[in-house]
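2 protein chains.
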Amino acid sequence: MILIIELFDRKLEVKIMYTSHFKMNEQEVIDYLKAKQLFFTAQENKLIAKEIGDGNMNYVYRVTDQGSGRSVIVKQADKYTRSSRKIGQKRNKIEFELLRFEAEKCPDMVPQIFHYDEIMTCIVMEDLKAYQNMRFALMEEKSFPFFSQKIVEFIIKTIVSTMDSFVGPMFKRKQVQKYTNVDACDITERLVLTNPYREKYAQAPIEEVNLPYLYNHFQMDQQLLLEAAKLKYKFKNETQALLHGDLHSGSIFINQTGMKIIDPEFACYAPIGYDIGNVIANLFFAHIRSYVLNPGSEQSKYFRQWIENTVMGIITDFTKKFLLYFQENVTDAMEKSQDYRQWLLHLILEDTAGYAGLEINRRIIGIAKVKDIESIQDKNQKALAERILLMLGRNLIVNRTQIKAAENYTAALAEACALAEREMK
Amino acid sequence: MILIIELFDRKLEVKIMYTSHFKMNEQEVIDYLKAKQLFFTAQENKLIAKEIGDGNMNYVYRVTDQGSGRSVIVKQADKYTRSSRKIGQKRNKIEFELLRFEAEKCPDMVPQIFHYDEIMTCIVMEDLKAYQNMRFALMEEKSFPFFSQKIVEFIIKTIVSTMDSFVGPMFKRKQVQKYTNVDACDITERLVLTNPYREKYAQAPIEEVNLPYLYNHFQMDQQLLLEAAKLKYKFKNETQALLHGDLHSGSIFINQTGMKIIDPEFACYAPIGYDIGNVIANLFFAHIRSYVLNPGSEQSKYFRQWIENTVMGIITDFTKKFLLYFQENVTDAMEKSQDYRQWLLHLILEDTAGYAGLEINRRIIGIAKVKDIESIQDKNQKALAERILLMLGRNLIVNRTQIKAAENYTAALAEACALAEREMK
Numbered sequence: 306m307i308l309i310i311e312l313f314d315r316k317l318e319v320k321i322m323y324t325s326h327f328k329m330n331e332q333e334v335i336d337y338l339k340a341k342q343l344f345f346t347a348q349e350n351k352l353i354a355k356e357i358g359d360g361n362m363n364y365v366y367r368v369t370d371q372g373s374g375r376s377v378i379v380k381q382a383d384k385y386t387r388s389s390r391k392i393g394q395k396r397n398k399i400e401f402e403l404l405r406f407e408a409e410k411c412p413d414m415v416p417q418i419f420h421y422d423e424i425m426t427c428i429v430m431e432d433l434k435a436y437q438n439m440r441f442a443l444m445e446e447k448s449f450p451f452f453s454q455k456i457v458e459f460i461i462k463t464i465v466s467t468m469d470s471f472v473g474p475m476f477k478r479k480q481v482q483k484y485t486n487v488d489a490c491d492i493t494e495r496l497v498l499t500n501p502y503r504e505k506y507a508q509a510p511i512e513e514v515n516l517p518y519l520y521n522h523f524q525m526d527q528q529l530l531l532e533a534a535k536l537k538y539k540f541k542n543e544t545q546a547l548l549h550g551d552l553h554s555g556s557i558f559i560n561q562t563g564m565k566i567i568d569p570e571f572a573c574y575a576p577i578g579y580d581i582g583n584v585i586a587n588l589f590f591a592h593i594r595s596y597v598l599n600p601g602s603e604q605s606k607y608f609r610q611w612i613e614n615t616v617m618g619i620i621t622d623f624t625k626k627f628l629l630y631f632q633e634n635v636t637d638a639m640e641k642s643q644d645y646r647q648w649l650l651h652l653i654l655e656d657t658a659g660y661a662g663l664e665i666n667r668r669i670i671g672i673a674k675v676k677d678i679e680s681i682q683d684k685n686q687k688a689l690a691e692r693i694l695l696m697l698g699r700n701l702i703v704n705r706t707q708i709k710a711a712e713n714y715t716a717a718l719a720e721a722c723a724l725a726e727r728e729m730k
Numbered sequence: 306m307i308l309i310i311e312l313f314d315r316k317l318e319v320k321i322m323y324t325s326h327f328k329m330n331e332q333e334v335i336d337y338l339k340a341k342q343l344f345f346t347a348q349e350n351k352l353i354a355k356e357i358g359d360g361n362m363n364y365v366y367r368v369t370d371q372g373s374g375r376s377v378i379v380k381q382a383d384k385y386t387r388s389s390r391k392i393g394q395k396r397n398k399i400e401f402e403l404l405r406f407e408a409e410k411c412p413d414m415v416p417q418i419f420h421y422d423e424i425m426t427c428i429v430m431e432d433l434k435a436y437q438n439m440r441f442a443l444m445e446e447k448s449f450p451f452f453s454q455k456i457v458e459f460i461i462k463t464i465v466s467t468m469d470s471f472v473g474p475m476f477k478r479k480q481v482q483k484y485t486n487v488d489a490c491d492i493t494e495r496l497v498l499t500n501p502y503r504e505k506y507a508q509a510p511i512e513e514v515n516l517p518y519l520y521n522h523f524q525m526d527q528q529l530l531l532e533a534a535k536l537k538y539k540f541k542n543e544t545q546a547l548l549h550g551d552l553h554s555g556s557i558f559i560n561q562t563g564m565k566i567i568d569p570e571f572a573c574y575a576p577i578g579y580d581i582g583n584v585i586a587n588l589f590f591a592h593i594r595s596y597v598l599n600p601g602s603e604q605s606k607y608f609r610q611w612i613e614n615t616v617m618g619i620i621t622d623f624t625k626k627f628l629l630y631f632q633e634n635v636t637d638a639m640e641k642s643q644d645y646r647q648w649l650l651h652l653i654l655e656d657t658a659g660y661a662g663l664e665i666n667r668r669i670i671g672i673a674k675v676k677d678i679e680s681i682q683d684k685n686q687k688a689l690a691e692r693i694l695l696m697l698g699r700n701l702i703v704n705r706t707q708i709k710a711a712e713n714y715t716a717a718l719a720e721a722c723a724l725a726e727r728e729m730k
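These protein sequence lines are chains A and D, in that order. Residue numbering for the first sequence follows this note's numbering, beginning at 306 and increasing consecutively. Residue numbering for the second sequence follows this note's numbering, beginning at 306 and increasing consecutively.
Here it is as structure tokens:
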């Protein structure tokens, strides 16, 4: 916008920037940071920007000063996804609000936020270059002994703590209203909870050898379809807690001393098990990748054992911390009994198994794949990985009321491996 | 507000009315209707107003023209309840929106709305003087053979139809946001779902002979408290459909040819069984009143048989119409299976029994009593009615997963009568 101001006999042109939204390119992101005097000092004036986003939803720029080497991330939400689908930008505000909330609860586990711009719908935040994306770290078979404890701490402090048992139902209702994330939930409901179960839908097909299984067994399995529909009902209708909403290994940055969790733009009120199930499912992708690529190697065995221990650790640790947190923080007299919190724990654990299964299925037969499996070169190995995971996913969904102890997960995994190997011989 | 306008050399005083909210008295309601030229013609100028509200929440005026005899209702929500508790006025907007929505779906079953004023938070609507309040009609042991069919029609068309299976989850999420009714839900959560289960809470005590049962059995019953807490969880966390929210016999006006449903100011998204359970519980109050007052009379027997048939009719008819409505209108491919709609029906029927039990309990030991029971003069008869109802309420809550067929209700009723009679002999 250009404002013309007449001052005595002179005309002044004043450029008022960033008063309406536009999608920035690399140069415009540099201009933006300079105009707003954000992050970089006046001395840091050799800025270069590079678009590094790999998701479909947003544009992510790393801006680095070539002199000092200091860098920052600018994440912008446009009115269109990168695949040109029109989309509301409210998720960006929700992402910022949630990052701020998470920073209060777990300051060491989220990136530092330097600036939020509601008009430009962009967030300027810490560059996590000291960390590695956890999906890629897991593909390199790195293990992180602290992971299960840390992720449970994050889940308790930023997710469980938002239940109405702790904040009161009046405040919770207002929060549900505030965090209504229509477009993001629509994506989850279509891509995760619906499309993989629609006959012949699978958009990015799996290995040919698995197609008969997919079409004639999996998508014809009435028990599986019914149980998946029940879990979809819960996601659509149960405002249990404020979720991260997309808590997979690609949303986690990690190194040997800590981790940072990003991308809460899918945040909404839904069942807690959705988030925990996502974490567990994505650990299994790395496990099965290693299993089909190199089952005999010592490194793979060690890595897979660590994954299994981590999944078990998440369930055990969540159980312990949830019960304790509930006991210490519940405000409602009727909810103080041990029976009540055990009942609620079991609901959450059932959901965890069910949503882990849904996440596994949608990453194998849905449109949004995971690199862990997609990058397996050998067709037979990839087909085996797919089959194991579909069998595991089904098992977790259909038997979720029985899957409440840590060891049930490793048993389900072993069973799926054995069954798939036998079928594919 | 007075505006002073200078025109040439004259000063004009212009009175701008109703630009900010105030609570109207009887005369001010007449002035309001005249100033706004609402409902009455210029010839109808002998208006008298009378406050006829009997609830705690709002002021309700009947304004009649003494010449023509025509009358209208003005219902105003103040910033305070009649017991001087500060309260938000959003429920008034929600009431208007819901009445408008219900009028689209069931035009013959809601009062006609003539005007809504968002500033004055008042609704001008049809006077239902051709109808009788159903609570009082039931206390006179009048029966209405069409009632079960009509109320199920209302529930299907205005409540079930708002589920995301029919309107789509995106639209539903926006509606949940719009109809977030924080203050009204807070009242339900405290008065219906909490206070009756708090030890020694009961504010308007029951007959003395029942106090030991209440304190030493009922409020010490861990199974009852746990199951009530689970139903409270569902009310707080499940956005199944847009409820009326207060569907008791006092919210229904009825005559031998039809009925009109009023007062949806507690409307919110919650489990459908909450509304159906309320209808059933309030039928039981009339039944037990008749049973303790006059068990042997033919009229009472006929009336009680009609109530039992009506409760059974509601369950049977709801089951039939729900399954048919679902089959014909579901939009989501995953939800089209017979198994899915049977599963959902059973959830709703369980909730119905459970919330019927909660409504019974809160009307006996909570602060908001019902005239059906409160007006029983004989202390022994009243005590028996209370005991039967508390036993029935407990049974419906604790055994709700088993109470899905119509005849389960009459069996539970008979059992509670027999048990209470034996205990109180």
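Ideal Cβ placement from N, Cα and C applies to all residues, glycine included. Everything numeric in this text was worked out from a predicted model, so none of it was measured.
query                                                                                                                                                                                          : result
Answer yes if the stretch 544-562 of chain D comes into contact with the stretch 516-535 of chain D, meaning at least three C-beta pairs across the two stretches below 8 Å, and no otherwise. : no
Please state the DSSP three-state secondary structure of V368/A.                                                                                                                               : strand
Say whether chain D places a C-beta atom closer than 9 Å to the C-beta of W611/A.                                                                                                              : no
If I measure Cβ to Cβ from E431/A and keep anything under 6 Å in the same chain, skipping five residues before and after, which residues do I get?                                             : P416 and Q417
Three or more C-beta pairs under 8 Å: does that hold for the stretch 525-534 of chain A against the stretch 569-587 of chain A?                                                                : no
Would you kindly work out how many angstroms separate the C-alpha atoms of Q632/D and Q682/A, rounded to a whole number?                                                                       : 46 Å
Can you tell me where the alpha helix (DSSP H) with K625/D in it begins and where it stops?                                                                                                    : E603 to N634
With three or more beta-carbon pairs closer than 8 Å as the criterion, would you say the stretch 608-621 of chain D touches the stretch 579-591 of chain D?                                    : yes
Quick one: does E543/D have its CB under 9 Å from some CB of chain A?                                                                                                                          : yes
List, from N- to C-terminal side, the alpha helix (DSSP H) runs of 4 residues or more that fit wholly inside the stretch 477-514 of chain D.                                                   : 487-492
Consider the Cβ of R478/D: report whether some Cβ of chain A lies at a distance smaller than 9 Å.                                                                                              : yes
Less than 9 Å between the beta carbons of K687/A and V597/A, yes or no?                                                                                                                        : yes
Quick check: the Cα distance between Q647/A and E726/D, rounded to an integer number of angstroms?                                                                                             : 37 Å
With distances taken from CA atoms, which of N685/D, S376/D and D656/D is nearest L536/D?                                                                                                      : D656/D
Which residues mark the beginning and the end of the beta strand (DSSP E) in which L352/D is found?                                                                                            : L352 to E356
Between L381/A and chain D, is the shortest Cβ-Cβ distance under 9 Å, so that the two count as touching?                                                                                       : Strictly speaking, residue 381/A in this sequence is Gln, with Leu absent from that position. No - not a single Cβ of chain D is within 9 Å of the one on Q381/A.
Residues bridged to A256/D by DSSP?                                                                                                                                                            : Here chain D has residues from 306 to 730 only, and residue 256/D is not among them.
Since V334/A is in the alpha helix (DSSP H), which residue starts that stretch and which ends it?                                                                                              : E331 to A340
Any idea what DSSP makes of D551/A, helix, strand or coil?                                                                                                                                     : coil
Which residues in chain A sit within 7 Å of K535/D, going by Cβ to Cβ distance?                                                                                                                : W648
At the level of alpha carbons, what is the spacing between K341/D and A382/A?                                                                                                                  : 48 Å
Residues of chain A with CB closer than 9 Å to the CB of P569/D, please, in chain order.                                                                                                       : Here the premise fails: no neighbours, minimum Cβ distance about 18 Å.
Can the beta-carbon of I542/A be found less than 9 Å from the beta-carbon of T544/D?                                                                                                           : It is worth fixing the name first, because residue 542/A is Asn in this sequence and not Ile. Yes.
To the nearest angstrom, report how far apart I672/A and L695/A are at their CA atoms.                                                                                                         : 15 Å
What residue range does the beta strand (DSSP E) around K380/D cover?                                                                                                                          : S376 to Q381
Under the three-state reduction of DSSP, which class applies to H278/A: helix, strand or coil?                                                                                                 : Because chain A is modelled from 306 through 730, residue 278/A falls outside the range shown and cannot be assessed.
For Q437/A, list the residues DSSP reports as bridge partners.                                                                                                                                 : I559/A
Below 8 Å on C-beta distance, what does Q527/A contact in chain D?                                                                                                                             : S642 and D644
Does M475/D get closer than 9 Å to chain A when you measure Cβ to Cβ?                                                                                                                          : yes
Give me the Cα-Cα distance between G393/A and A435/A, rounded to the nearest whole angstrom.                                                                                                   : 32 Å
So if I threshold CB-CB distances at 7 Å, which residues from the stretch 626-638 of chain D count as touching chain A?                                                                        : A638
So which residues of chain D does R503/A contact, with C-beta pairs closer than 9 Å?                                                                                                           : A638 and M639
With 9 Å as the threshold, decide whether the Cβ of D491/D is near any Cβ in chain A.                                                                                                          : yes
Which whole-angstrom value describes the C-beta separation of N363/A and F558/A, a residue pair presumed to lie in contact below a C-beta threshold of 8 Å?                                    : About 16 Å; that fails the 8 Å criterion.
Cα separation between D397/A and Y421/A?                                                                                                                                                       : Note on residue identity: the sequence assigns Asn, not Asp, to residue 397/A. Their Cα atoms are separated by approximately 10 Å.
Can you tell which of Y385/D, K351/D and N361/D has the C-alpha that lies nearest to the C-alpha of S373/D?                                                                                    : K351/D
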